[in-house]
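Okay, structure first, notes after.
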Amino acid sequence: MDSKADLKIRNKKKILASVRENGEISKRDLQRILGLSWSTVSQLTSELTDEKYLCVSGKRNMGVGRCPEMLTVNPKSHLIIGVDVNIAFIRIAIGDLTAKIISKKSFPLVRTYDEVMEKIIFTIDSMMAFYGKENIAALAFAAQGYVDINTGTSTCIYDIENWRNVPLKQIFEEKYGLPVTVVHDNFAVMKAESVLGNTVKNSSNAMLVYYSKNIGVNASFLMNGEIYLGYNGASGEVGLSLVPSFKNSEPVILERCVTEDNILSEFIEDHPESGVNTFEDLIEKAKSGEEEPLNAFKLFGKRLGAAVSNCINVLNPEIVVLAGIDSEYSYLYKKELLSIIRKYSGSASRKIILSKNNDDFTVIGAILTAIQKYCE
Numbered sequence: 594m595d596s597k598a599d600l601k602i603r604n605k606k607k608i609l610a611s612v613r614e615n616g617e618i619s620k621r622d623l624q625r626i627l628g629l630s631w632s633t634v635s636q637l638t639s640e641l642t643d644e645k646y647l648c649v650s651g652k653r654n655m656g657v658g659r660c661p662e663m664l665t666v667n668p669k670s671h672l673i674i675g676v677d678v679n680i681a682f683i684r685i686a687i688g689d690l691t692a693k694i695i696s697k698k699s700f701p702l703v704r705t706y707d708e709v710m711e712k713i714i715f716t717i718d719s720m721m722a723f724y725g726k727e728n729i730a731a732l733a734f735a736a737q738g739y740v741d742i743n744t745g746t747s748t749c750i751y752d753i754e755n756w757r758n759v760p761l762k763q764i765f766e767e768k769y770g771l772p773v774t775v776v777h778d779n780f781a782v783m784k785a786e787s788v789l790g791n792t793v794k795n796s797s798n799a800m801l802v803y804y805s806k807n808i809g810v811n812a813s814f815l816m817n818g819e820i821y822l823g824y825n826g827a828s829g830e831v832g833l834s835l836v837p838s839f840k841n842s843e844p845v846i847l848e849r850c851v852t853e854d855n856i857l858s859e860f861i862e863d864h865p866e867s868g869v870n871t872f873e874d875l876i877e878k879a880k881s882g883e884e885e886p887l888n889a890f891k892l893f894g895k896r897l898g899a900a901v902s903n904c905i906n907v908l909n910p911e912i913v914v915l916a917g918i919d920s921e922y923s924y925l926y927k928k929e930l931l932s933i934i935r936k937y938s939g940s941a942s943r944k945i946i947l948s949k950n951n952d953d954f955t956v957i958g959a960i961l962t963a964i965q966k967y968c969e
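Every number in the working numbering is 593 more than the matching position in the sequence shown, counting from 1.
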């Protein structure tokens, strides 16, 4: 049987979780939802307010009688700093206990270990100085490449010189004296989608494919209601998979042909006299209906569709979520993408959904993971 102290802690966590989930809520509503006594709710919300987890956001007009106070998560305390390190940029954000981003900073990826760490530390120091270190509860990292979540190590990011076996958890816990969470970026994106998106909340088996024009392709998987974790917590790298080239019999590595730079360089190599010098040139020519530029985007759609189909055929998810696909030029390749998926991935009844998530979802997912550890 739980002691009174254990029961109190559990009830405080329930109240905090309910406030986080509802955004704004009255004590009466907390009593009704959680089935706790009025005295328990009053006492514990008062303590949570004193501890700066909660604050009063205002009063709700009921029309008659007294207007109840509305409680919400304190946006100025128990903040989480999240860091997204990938091959295109570094994004550092600070969020509250609902993972609402309060402030963020992004900058292009620098290419050496020392430069990356200098940027990260400088930005974290600046955020702590502005918001107060005493108001920071934890740090969270989402790293591309390979990670070991058991030790909090970013094992390898190939595009960063000397970035091998970087003990992020150890380095930043020793520097700031705060708990540090390290996750794979694929896990972070699915975490954000499963909590904040409307695509996979009620599914136990789903696959999320996230395309970034600068980074390439990532994928993560929801299996039996849990986000899949591979060896040491990395979710795998779909971008390293082989797909048909759709040009000749040789397969190609997906991530080498799906970023904007890759698409452009391949087109220029194949059509050196086309007059195309930038990706914007390629888009404009494709939009105007020129055959070869348009075929370049169709080729991209086919290759991405082949990679998605391979994953579907291995895992047989109920729902496939395509994120990052809905760009200003996605109509140039979307038909081929969906056609290949439908043709080669079995069940025609499988749901294929386009998600509205964006580049912030990775850092948000890292913050959400840290919140779960911190609050639950």
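Cβ coordinates follow ideal geometry from the N, Cα and C atoms, glycine included.
Beta-carbon spacing of residue i, residue j below 8 Å
i	j	result
A736	V773	no
F872	E885	no
V831	C904	yes
T955	D778	yes
G894	K927	yes
I957	L815	no
D677	A959	yes
V740	G826	yes
H671	A610	no
I753	R704	yes
G745	L761	yes
V666	T633	no
S867	N906	no
L931	I946	no
K880	V869	no
For residue j and residue i, the rounded distance between their alpha carbons
i	j	result
K693	I608	19 Å
S942	A916	20 Å
S813	K840	28 Å
P668	L627	23 Å
E662	G651	6 Å
L892	S902	15 Å
I876	E859	14 Å
E848	L833	6 Å
T748	L732	18 Å
V759	R621	48 Å
M721	Y769	10 Å
L961	E862	43 Å
N855	I912	29 Å
I918	S639	46 Å
V649	G725	21 Å
A598	V793	36 Å
C850	L897	9 Å
F780	Y821	8 Å
S920	V914	15 Å
L641	V782	30 Å
L647	E617	10 Å
K936	S842	20 Å
Span of the alpha helix (DSSP H) around residue i
i	result
P886	884–908
S932	927–937
C968	954–968
V612	597–615
D863	853–863
M707	Strictly speaking, residue 707 in this sequence is Asp, with Met absent from that position. Looking at the DSSP string, the run of the alpha helix (DSSP H) that includes D707 is 706–724.
V793	Per DSSP, V793 belongs to no alpha helix (DSSP H) and is neither H nor E.
Member of the options whose CA lies at the smallest distance from the CA of residue i
i	options	result
G829	L801, S842, F893, Y706	L801
L857	V907, G688, L887, G675	L887
I546	M721, P701, I695	Here the chain comprises residues numbered 594 to 969, so residue 546 is not present and cannot be evaluated.
K949	E969, L925, Y804, E843	Y804
I764	K794, Y724, E711, E727	E711
I687	S699, K698, I674	I674
N807	L672, N951, L961, I618	N951
I713	K698, K726, A722	K698
L600	L637, P865, E617	L637
W756	E708, K794, N743	E708
N909	N855, S796, L835	S796
L835	V793, A900, G818, A799	A900
S635	V845, K605, Y724	K605
E969	L931, R603, S632	R603
F734	I946, L647, I742	I742
T716	Y706, S696, N728, I934	S696
Y706	I750, N728, S838, Y821	I750
A799	R613, N817, S630	N817
L925	K936, F890, L931, H864	F890
D953	F682, N615, S630	F682
Where the beta strand (DSSP E) containing residue i begins and where it ends
i	result
A785	Here A785 belongs to no beta strand (DSSP E); instead the alpha helix (DSSP H) covers 778–789.
L732	729–736
A686	682–688
V831	Here V831 belongs to no beta strand (DSSP E), and DSSP marks it neither H nor E.
I946	944–948
Any non-hydrogen atom of the ligand SAM closer than 7 Å to residue i Cβ
i	result
G790	With respect to small molecules bound, the structure shown includes none, and the ligand SAM cannot be examined in it.
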